[in-house]
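Enquirer: Please find one structure pasted underneath; my questions will follow.
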Amino acid sequence: MLRRSPVFVLTVVLTLALGIGANTAIFTVVNSVLLRPLAFRDPARLVAVWDTYPPHFAKLGVSPLEYDEMLRQTDIFEEVGRYRHIPGGREMNLTGGAEPLRVHATCASSSLFPMLGVQPVLGRGFERADDSPHPPPIALLGFRLWRDYFGSNPKLIGAPIQLDGQAFTVVGVLPANFRLPDWADLWLPQGQAGDEITNPVRHAFGVIARLKPNASIEQASARLQSIATRLEHEHPQTSKGFGVKITGLQQDLAGNLRPALLVLLGAVTLVLLIACVNVANLLLSRAATRRREFAIRIALGAGRWRIVRQSLTESLQLSLAGGAAGLVLAYVDLRSLLRLLPVDLMDPGAVHIDLTTLAFLLGISLATGIVFGTAPALQAARQDPNEGLKEGGRGVTRGAGAGRNALVIAEFALALLLLMGAGLLIRSFARLLHVDPGFRPDNVLTLRFSLSPRSYPDTPKRHAFFDRLQGRIHALPGVKSVATTNSLPVTSTRANLRRFSVPGSPLINPDMLPITQANFVTPEYFQTLGIPLIAGRSYTERDLNQPYVIINQTLAKTYWPGENPVGKRFITGPWGPNPVWSTIIGVTADIQQFGLESERTNDMYYLDYGSSYLLLKTAGEPLALAAAVRREIQSIDAEIPVSEFRTLEQVLDSATGLRRFSTVLLTLFAGLAVTLAVIGIYGVMSWSVAQRRQEIGVRMAIGADARGVFLLVLGRGLKLGLIGLVIGLGATLALTRVLETLLFEISPHDPWILCGASLLMIAVTAAACFIPARRASEVDPITTLRSE
Numbered sequence: 001m002l003r004r005s006p007v008f009v010l011t012v013v014l015t016l017a018l019g020i021g022a023n024t025a026i027f028t029v030v031n032s033v034l035l036r037p038l039a040f041r042d043p044a045r046l047v048a049v050w051d052t053y054p055p056h057f058a059k060l061g062v063s064p065l066e067y068d069e070m071l072r073q074t075d076i077f078e079e080v081g082r083y084r085h086i087p088g089g090r091e092m093n094l095t096g097g098a099e100p101l102r103v104h105a106t107c108a109s110s111s112l113f114p115m116l117g118v119q120p121v122l123g124r125g126f127e128r129a130d131d132s133p134h135p136p137p138i139a140l141l142g143f144r145l146w147r148d149y150f151g152s153n154p155k156l157i158g159a160p161i162q163l164d165g166q167a168f169t170v171v172g173v174l175p176a177n178f179r180l181p182d183w184a185d186l187w188l189p190q191g192q193a194g195d196e197i198t199n200p201v202r203h204a205f206g207v208i209a210r211l212k213p214n215a216s217i218e219q220a221s222a223r224l225q226s227i228a229t230r231l232e233h234e235h236p237q238t239s240k241g242f243g244v245k246i247t248g249l250q251q252d253l254a255g256n257l258r259p260a261l262l263v264l265l266g267a268v269t270l271v272l273l274i275a276c277v278n279v280a281n282l283l284l285s286r287a288a289t290r291r292r293e294f295a296i297r298i299a300l301g302a303g304r305w306r307i308v309r310q311s312l313t314e315s316l317q318l319s320l321a322g323g324a325a326g327l328v329l330a331y332v333d334l335r336s337l338l339r340l341l342p343v344d345l346m347d348p349g350a351v352h353i354d355l356t357t358l359a360f361l362l363g364i365s366l367a368t369g370i371v372f373g374t375a376p377a378l379q380a381a382r383q384d385p386n387e388g389l390k391e392g393g394r395g396v397t398r399g400a401g402a403g404r405n406a407l408v409i410a411e412f413a414l415a416l417l418l419l420m421g422a423g424l425l426i427r428s429f430a431r432l433l434h435v436d437p438g439f440r441p442d443n444v445l446t447l448r449f450s451l452s453p454r455s456y457p458d459t460p461k462r463h464a465f466f467d468r469l470q471g472r473i474h475a476l477p478g479v480k481s482v483a484t485t486n487s488l489p490v491t492s493t494r495a496n497l498r499r500f501s502v503p504g505s506p507l508i509n510p511d512m513l514p515i516t517q518a519n520f521v522t523p524e525y526f527q528t529l530g531i532p533l534i535a536g537r538s539y540t541e542r543d544l545n546q547p548y549v550i551i552n553q554t555l556a557k558t559y560w561p562g563e564n565p566v567g568k569r570f571i572t573g574p575w576g577p578n579p580v581w582s583t584i585i586g587v588t589a590d591i592q593q594f595g596l597e598s599e600r601t602n603d604m605y606y607l608d609y610g611s612s613y614l615l616l617k618t619a620g621e622p623l624a625l626a627a628a629v630r631r632e633i634q635s636i637d638a639e640i641p642v643s644e645f646r647t648l649e650q651v652l653d654s655a656t657g658l659r660r661f662s663t664v665l666l667t668l669f670a671g672l673a674v675t676l677a678v679i680g681i682y683g684v685m686s687w688s689v690a691q692r693r694q695e696i697g698v699r700m701a702i703g704a705d706a707r708g709v710f711l712l713v714l715g716r717g718l719k720l721g722l723i724g725l726v727i728g729l730g731a732t733l734a735l736t737r738v739l740e741t742l743l744f745e746i747s748p749h750d751p752w753i754l755c756g757a758s759l760l761m762i763a764v765t766a767a768a769c770f771i772p773a774r775r776a777s778e779v780d781p782i783t784t785l786r787s788e
């Protein structure tokens, strides 16, 4: 029967393909991030352990004291390992190849790789002897570094490579699928981290542990909390205020992507439901035209179950065809999706369609066939054959009309829910974009460069290098100012956090000292970024090696309220027998250090010439100077790697990448849902007018005017919309709370978005009803009555 209706089949298949394809694309990402087992041995028992320091930080490395305690918990943990987790790791200069390369190195205990079941593809891993505080200079290479920089040379094992001018022997190459953390290019023994493996003040290492078969995360969490409490009492100076949290390793690695992906998966499921509603309406329309056929078959002895089976079979054929077309769309959608996905949040190469995705595709194809095929099948089986065989049996039945109306109401409610969610994210994102970052990003070029500690071991040599470089770059056309810093605004990491003390301040608790973000800058830093100086002065070259510090406005107002802090002295290095004192010489405006949505932080700026970011304020297009800047740096020292040329505006854009990704996708899904809803409402109203032509003709014959008929049809459509509005608002108020983690400075029940989405849905409903209502008002009663 389907071969006789090619237009109908094509419409249904395309409608389903849109919903199934979008679902499959999103599921592919969710499967890759949240569901696919990690490529480790028995990954279900692997957990990640982190410290917390409320209210400032929800995730910090574990201190050496706690790590030693974890090693003793043999009744809870089967194995324990650690790695230096600070994002970006230890930056080192790799030389000896075609050109110098800046690489990210991290450190790990010898127990980490065996616990994960990771075997090097070449050579060996770390051994217990390598865990000493003074380990041999050896390195494990990541697969990508070995392949791209060393050309997959198998003879590299046992050979030296130059890292920061020091020879490190390559002992092994890790597998291609090992990416923990995903920024690490190579691995060093944990002792290469210096005092971070022994100093209780340090919180630099993330811990991964394998639970005993009979142990649970809850039991491990309770044990670690009790250890943290005991350490607080025994070592208040270093452990006071720190908590601990433990999660499954896969959940931990998913990070901020998890809530966004789950919301998007829910949204795209609603789109598929709306597509199913539309297809169900199409099948109900088709069933109305086949009433006489089904009536004859029932009259000739066909059982009602056979009618249901035939209808469901046709529905499943349509849904499987829609699934096949959806697979093609999913492949296209996935490529577009990965272009939207911020590369710093996930490796696109890890996302691909696999057997799990294909099984999901087949499952939702069969499920949608049953969902949209059940109502038409039951309607066909329940009909009275006597009514179907009558001449007037072409008219609409009460059951069919009520069923189609219910589907329209459901479609309206689902579309409203998606539209409300998209509106919340759009308004939230707009607020985020209006946050003042505290600096001026226009016409600023940023790049990475790294001075080797072997070639530039002390401040005078680093200062001499920058002095030469600054003179050369200032000579380039269009350069206004030049500076360096250890971290860019809005992208700062926890690597430069320090505790400090202000003697005599009532806000200082000796056991829980406040935290500051330490920034190392050169004199023109504030001028280059356009950061206002509120009090005091900026640095000059004469301040080098002086105990001076510049603080931000938040720190000044908090600890010196109502007074000028310039000239005040306080402790910037509270650990050890001889605390470090610094004198404030200036106060600057606040800037956003950890993202646009983060709270203002306590910031300190130190004069230093060893930082790894170069900043240039230019008169014209910043990126036009990239080649010239690279040339000037390497003309002074050819072994300095130069990379990551970006404008500061691009840096600012990347800081909002995850929110932009969520907002764009949910808006697209909402637009698709509204479009499908309009098509569905239009289809139902057109069908209703066609089925009621005789009734409309009679009304007009006995005196009803065209305007009255137009308003009658329009009113019926709006009535369905209002019922859907009430149901949709109830669902919206209940479900939009799941968006809270993705919102910024707005309520999930924002009244403006609520009213705007409702009015928009009523407006599109009225638009969808307009053409059917106009057609009804143009019915010729004489012609209609004669035809009947």
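Numbering of the sequence shown is given in the numbering used here, commencing with residue 1 and proceeding in unit increments. Using N, Cα and C, we set each Cβ at its ideal position, and we do this for glycine too.
1. So, using beta-carbon positions, are LEU743 and TYR613 closer together than 8 Å?
2. How long is the line joining the alpha carbons of ASN509 and VAL549, rounded to whole angstroms?
3. Under three-state DSSP, which class holds ASN405?
4. Do the region 305-320 and the region 629-640 make contact, defined as three or more Cβ pairs closer than 8 Å?
5. When DSSP builds the beta bridges, which residues end up paired with HIS104?
6. Just mark LYS617 as buried or exposed, buried being the case when its beta carbon has 16 or more other beta carbons within 10 Å.
7. Where are the beta strand (DSSP E) runs, 3 residues long or more, that stay fully inside the region 522-596, in chain order?
8. Between which two residues does the beta strand (DSSP E) carrying LYS480 extend?
9. Alpha carbon to alpha carbon, how far is HIS233 from SER63?
10. For ARG537, is the classification buried or exposed, using 16 other Cβ atoms within 10 angstroms of its Cβ as the cut-off for buried?
11. With DSSP collapsed to three states, give me the class of ASN281.
12. Determine the burial state of GLN166: buried for a count of at least 16 other Cβ atoms within 10 Å of its Cβ, exposed for fewer.
13. State the DSSP-derived secondary structure class of GLU391, mapped to helix, strand or coil.
14. In terms of residues, what are the limits of the beta strand (DSSP E) holding VAL49?
15. Applying the 10 Å Cβ sphere with the 16-neighbour rule, what's the burial state of ILE636?
16. Could you work out which residue in GLN470, LEU714, VAL738, ALA655 is closest to ALA768 when comparing CA atoms only?
17. Which residue's Cα is closest to the Cα of LEU283: ILE138, LEU270, PHE8?
18. How should TRP183 be labelled, buried or exposed, when 16 other C-beta atoms within 10 angstroms of its C-beta is the threshold for buried?
19. Rounded to whole angstroms, what's the CA-CA distance from THR789 to ASP185? Just pull it up for me.
20. Taking Cβ positions, are VAL173 and LEU116 nearer each other than 8 Å?
21. Look up GLY123 in the DSSP assignment and give the residues it is bridged to.
22. Would VAL279 pass as a contact of ALA410 if the rule is Cβ separation under 8 Å?
23. Going by CA-CA distance only, name the one from VAL479, ARG462, LYS568 that's closest to VAL521.
24. Can you grab the Cα-Cα spacing for the pair VAL49 / GLN251, in whole Å?
25. On the DSSP bridge list, what partners appear for GLU232?
26. Kindly indicate which three-state DSSP category THR491 falls into: helix, strand or coil?
27. Would you kindly report the start and end of the unbroken beta strand (DSSP E) that includes ARG210?
28. Using the beta-carbon count (16 or more within 10 Å), is GLU391 buried or exposed?
29. What ranges does the beta strand (DSSP E) occupy inside the region 666-732, keeping only unbroken runs of at least 3 residues that lie completely in it?
30. I need the straight-line Cα distance from PRO136 to LEU451, nearest angstrom please.
31. Cα separation between THR198 and ILE551?
32. Can you name the residues that DSSP bridges to ALA139?
33. What does DSSP give as the partner residues of ASP603 in its beta bridges?
34. What residues in its chain sit with their C-beta under 6 Å from that of GLY478, if we drop five residues either side in the sequence?
35. Take SER455 as the anchor and find which of ALA638, SER643, GLU599, ILE161 has the nearest alpha-carbon.
36. Could you say which of PRO189, PHE113, VAL118, PRO175 lies nearest to PRO133 if we only look at CA atoms?
Expert: Quick answer:
1. no
2. 22 Å
3. helix
4. no
5. GLU91
6. buried
7. 533-536, 548-552, 569-573, 580-588
8. 479-485
9. 15 Å
10. exposed
11. helix
12. exposed
13. Because GLU391 sits at a pLDDT of 46, beneath the cut-off of 50, its placement in the model cannot be relied upon, and the following sentence gives the value as read from the coordinates. Of the three classes helix, strand and coil, the one that applies to GLU391 here is helix, per DSSP.
14. 46-53
15. exposed
16. LEU714
17. PHE8
18. exposed
19. Coverage of the chain is limited to positions 1 through 788, which leaves residue 789 absent and any answer about it impossible.
20. no
21. GLY172
22. no
23. ARG462
24. 12 Å
25. GLU232 pairs with nothing; no bridge assigned.
26. coil
27. 205-211
28. Per-residue confidence for GLU391 stands at a pLDDT of 46, beneath the threshold of 50, marking its modelled position as unreliable; no derived number is given.
29. none
30. 23 Å
31. 30 Å
32. VAL170
33. GLN517
34. THR618, ALA619, GLY620
35. ALA638
36. PRO189
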